[in-house]
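One structure is given here, and the rest of the page talks about it.
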Amino acid sequence: MPFSLAVEPTTSCNLRCPECPSGLQQMKRPQGRIEVEMFGEILDQIKSHLGYLSLYFQGEPFLHPEYFELIRHAQERNIYTATSTNAHFLRGDTARKVVESGLDRLYVSMDGIEQESYEKYRKGGDLETVRQGISEIMDWKRKLNSRTPYVILQFLVFRHNEHQLMDMKSLTRGLGVDKLEFKSAQVYNFQENADLIPDNKKYSRYIRGTDGNWKLKKPFSNRCFRMWSGAVVTWDGRVVPCCFDKDAEHQLGVLSEDSFRTFWKGTAYNSFRDKILKNRGGIDICNNCTE
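Each residue of the sequence shown is one higher than the one before, starting from 49 at the first, in my numbering.
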C-alpha cells in the first residue's frame with residue numbers, strides 16, 4: 049500500500065497561471081470539490097499505511113469551503129499533512145485557523161519580489177496580499193507558540209525572475225519563514241515556450257540539444273519509484289498514477305466502485321507499472337517528468 053498520497057480538494061483557482069490547466073480552465077475532466085465524507089472514507093482505507101498526505105493536486109485548496117474539516121480528518125488519524133497554496137486566502141481568521149488546525153507543512157508559491165515580475169506568471173495575483181498572508185501565518189505561529197505549520201516558500205525560477213534569487217533570499221529572511229526553495233518550472237510545450245526557461249541551468253529542467261531543440265536535462269530511464277510508493281486521488285475519487293496526470297487520462301480506478309487496495313494491487317495498476325519498466329518513454333505523462 050502507498051505511504052504517500054495526494055488528494056485533490058478542488059479544481060477551482062483564483063489565478064490564471066499560463067502553465068496550469070486548472071487556472072486556464074483547460075482541464076478535460078469534470079470540475080468540482082471533494083465531499084468531506086468521501087475524504088474520510090478514503091483515509092480510513094489506507095490510514096494504517098499512510099505517512100504523508102498532500103492536500104493538493106490541481107486548484108487552490110483554500111477555496112474549498114470545508115477545507116479545515118479535511119485537515120481535521122487527517123489530523124485525527126495521525127497522518128502528516130501538507131498543502132500548497134498561492135496564499136491569497138491566508139488573511140485574518142483563516143491564518144489563525146491554519147496554525148490551530150495542526151497542518152504540518154505549508155508550501156507557499158511566491159515567484160517574484162515585486163508585482164511586475166510576480167504577475168508575469170501568477171496572472172491575477174497580488175504580491176502584497178501574498179506577503180501579508182505569510183506574515184499573518186508567522187505571527188500566529190509566534191502568538192500560539194506553535195511549531196507548525198512548517199512554512200516553505202517556493203520560488204519557481206523562470207527567465208524573467210532568475211535575476212531575483214539573491215533578493216528573494218533577503219526577503220525570505222525578513223518574512224521569517226522556515227525554508228526557501230528555488231524550484232525548476234515545468235513548461236508544457238518547452239519547444240514553443242522556451243522563453244520561460246531560465247538561462248541558469250541549475251534551475252532549468254531542460255537543455256538545448258545539439259540539434260537546437262530542447263529536451264529534458266535529466267537522463268530518462270525505465271523506472272519510477274512513485275508507482276510503488278504513492279498515488280493521486282482526484283476530487284471525485286479517481287485514482288491516477290501521479291501529479292503529472294492532470295486530466296486523469298490514465299485512470300487506474302474509481303473509489304466509488306471499489307476499494308483502494310483492490311486498485312493498488314489490481315490489473316490496471318500493475319499493467320501501468322509494467323509499461324513504466326519496459327518503455328516509460330511511450331507514456332505521454334512521463335515525457336515531461338524529472339522524477
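Note that CB positions come from ideal geometry on N, CA and C, so glycine has one too.
Spatial neighbours of residue i within its chain, please: CB distance less than 8 Å, with the 5 preceding and 5 following residues excluded, ordered by chain position.
i, result
"Ser-269", "Arg-328"
"Ile-200", "Arg-153, Leu-154, Tyr-155, Val-156, Val-225, Asp-226, Lys-227, Leu-228 and Glu-229"
"Lys-266", "Arg-253 and Thr-338"
"Glu-108", "Thr-58, Ser-60, Cys-61, Asn-62, Leu-63, Thr-133, Asn-134, His-136 and Phe-137"
Using a 10 Å radius around the Cβ and a threshold of 16 neighbouring Cβ atoms, would you call residue i buried or exposed?
i, result
"Asn-134", "buried"
"Asn-209", "buried"
"Arg-170", "buried"
"Leu-151", "buried"
"Ile-255", "exposed"
"Gln-163", "exposed"
"Asp-215", "exposed"
"Gly-99", "exposed"
"Gln-106", "buried"
"Pro-113", "exposed"
"Leu-91", "buried"
"Leu-192", "exposed"
Looking only at its chain, what residues have a beta carbon closer than 6 Å to the beta carbon of residue i, apart from the 5 residues adjacent to it on each side?
i, result
"Ala-122", "Leu-101 and Thr-129"
"Tyr-104", "Thr-131 and Ser-132"
"Gly-88", "His-121"
"Val-178", "Ala-135 and Met-158"
"Leu-111", "Thr-58 and Ser-60"
"Leu-175", "Gln-163 and Tyr-166"
In the DSSP assignment, find the alpha helix (DSSP H) that holds residue i and state where it starts and stops.
i, result
"Arg-207", "Per DSSP, Arg-207 belongs to no alpha helix (DSSP H) and is neither H nor E."
"Asn-236", "Note that residue 236 corresponds to Tyr in the displayed sequence, not to Asn. Per DSSP, Tyr-236 belongs to no alpha helix (DSSP H) and is neither H nor E."
"Phe-320", "315 to 327"
"Val-178", "175 to 191"
"Leu-138", "Leu-138 -> no alpha helix (DSSP H), and no H or E assigned at all."
Got a sec? Which residues, its chain only, sit under 7 Å from residue i by beta carbon, not counting five neighbours each side?
i, result
"Tyr-251", "Val-205, Glu-210, Phe-230 and Ser-232"
With a cut-off of 8 Å on the beta carbons, I'd call residue i and residue j a contact; round off their distance for me.
i, j, result
"Ser-165", "Gln-212", "6 Å"
"Gln-93", "Phe-308", "5 Å"
"Gly-71", "Arg-64", "5 Å"
"Leu-303", "Val-287", "7 Å"
"Arg-253", "Thr-338", "5 Å"
"Phe-292", "Ile-333", "4 Å"
"Met-86", "Gly-285", "6 Å"
"Asn-336", "Gln-234", "6 Å"
"Arg-125", "Lys-76", "32 Å between Cβ atoms; not a contact."
"Met-275", "Arg-221", "Their Cβ separation, rounded to whole angstroms, is 39 Å, which puts Met-275 and Arg-221 out of contact at 8 Å."
If you follow the beta strand (DSSP E) that residue i is part of, which residue opens it and which one closes it?
i, result
"Thr-129", "128 to 133"
"Leu-151", "It is not in any beta strand (DSSP E) - Leu-151 carries neither H nor E in the DSSP assignment."
"Glu-85", "Element bounds for Glu-85: not the beta strand (DSSP E) but the alpha helix (DSSP H), 84 to 94."
"Ser-52", "52 to 55"
"Tyr-104", "Where Tyr-104 is concerned, there is no enclosing beta strand (DSSP E), given that its DSSP letter is neither H nor E."
"Ser-70", "That residue, Ser-70, is in no beta strand (DSSP E); it is neither H nor E in DSSP."
Are there three or more Cβ pairs, one per stretch, closer than 8 Å when the stretch 270 to 280 is compared with the stretch 52 to 59? yes
Are there three or more Cβ pairs, one per stretch, closer than 8 Å when the stretch 288 to 302 is compared with the stretch 241 to 253? no
Is there contact between the stretch 145 to 154 and the stretch 183 to 201, where contact requires at least three CB pairs shorter than 8 Å? yes
Taking 8 Å as the cut-off, does the stretch 316 to 335 touch the stretch 103 to 123 (at least 3 CB pairs, one atom from each stretch)? At 8 Å Cβ cutoff, the stretches do not touch.
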